[in-house]
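Read through the structure below, which is laid out as structure tokens, and then see the notes.
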């Protein structure tokens, strides 16, 4: 429970106590006034929780575009999908975010132009860091998005991207990673910690690895898309 929710709960308890005291003293009108205040606080709490849990993804795409993306996923024609997983830093620097955007935009464009399959971007449903960048760049190119999360993340107050499809696997953070790796055809690592780097090293499909915000860019075995992304980042830095 967050500190804001703790505050609301404390106010409820104090309000009920005060209303009870007024009622015991025969001050019915004062007791009713306090109860009305409690109802207003409860409504405010509900509004706050709704805003806190609202997805943070780009929502400006048309309903027709959203329906087209979701129709691709509903068909379940997975042999004609190219599912690209993206993992990396949860809190990159401002420079890192710009570089990650350039890298992913280039990779998406390259793969969309050179593959005869439908490109689908897969990442963490929790909207933060590289995962959020991955989904925003995908939405900008009208690509379907698939989010993975554990049950704890789903039930948390953390912002979630408005993905076209979501898979909730396991109870605790990390439980979903095995299913995530089995689901994707290719993997992009941008920065990342020990867990992400281990996941990348264990992945046997096509993959791209980039370090951001530190002046060094290291390509994986992804081929032309990684090379194009490197050149893009160099141009941005220059």
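In the working numbering, the protein residues as written are 1 to 238.
For glycine and all other residues, C-beta sits at the position ideal for the given N, C-alpha and C.
Being a predicted model, the structure only gives us computed values, none of them experimental.
- Between residue 84 and residue 41, the CB-CB gap reaches or exceeds 8 Å.
- The three-state secondary structure of residue 18, taken from DSSP, is helix.
- In the DSSP assignment, residue 189 falls outside any alpha helix (DSSP H) and lies within the beta strand (DSSP E) extending over 186-190.
- For residue 123, the uninterrupted beta strand (DSSP E) run begins and ends at 118-124, by DSSP.
- If you check the CB distance, residue 124 and residue 131 come in under 8 Å.
- Per DSSP, reduced to three states, the secondary structure at residue 204 is coil, with no helix or strand assignment.
- By alpha-carbon distance to residue 184, the top candidate from 86, 170 and 158 is 86.
- Residue 200 is not a Cβ neighbour of residue 176, given a cutoff of 8 Å.
- Distance from the CA atom of residue 89 to the CA atom of residue 171, rounded to whole angstroms, is 22 Å.
- Around the CB of residue 178, fewer than 16 other CB atoms lie within 10 Å, so the residue is classed as exposed.
- Residue pairing of residue 145 in beta bridges, as defined by DSSP: 121.
- Remark: C-beta atoms of residue 34 and residue 15 approach each other more closely than 8 Å.
- Between residue 146 and residue 120, the gap from beta carbon to beta carbon is short of 8 Å.
- Look at residue 34 here: in three-state DSSP terms it is helix.
- Residues 168 of the same chain have their beta carbon placed closer than 6 Å to that of residue 154, with the five preceding and five following residues left out of the count.
- In the DSSP assignment, the residues bridged to residue 210 are 190.
- When the five nearest sequence neighbours on each side are left out, the beta carbons in the same chain lying within less than 7 Å of the beta carbon of residue 181 are those of 199 and 203, in order along the chain.
- Note that the C-beta distance between residue 166 and residue 133 is not below 8 Å.
- Under the three-state reduction of DSSP output, residue 25 falls in the coil class, being neither helix nor strand.
- Closest in C-alpha terms to residue 78, from the list 117, 31, 142 and 109, comes 117.
- Taking 8 Å as the cut-off, the Cβ atoms of residue 211 and residue 191 count as close.
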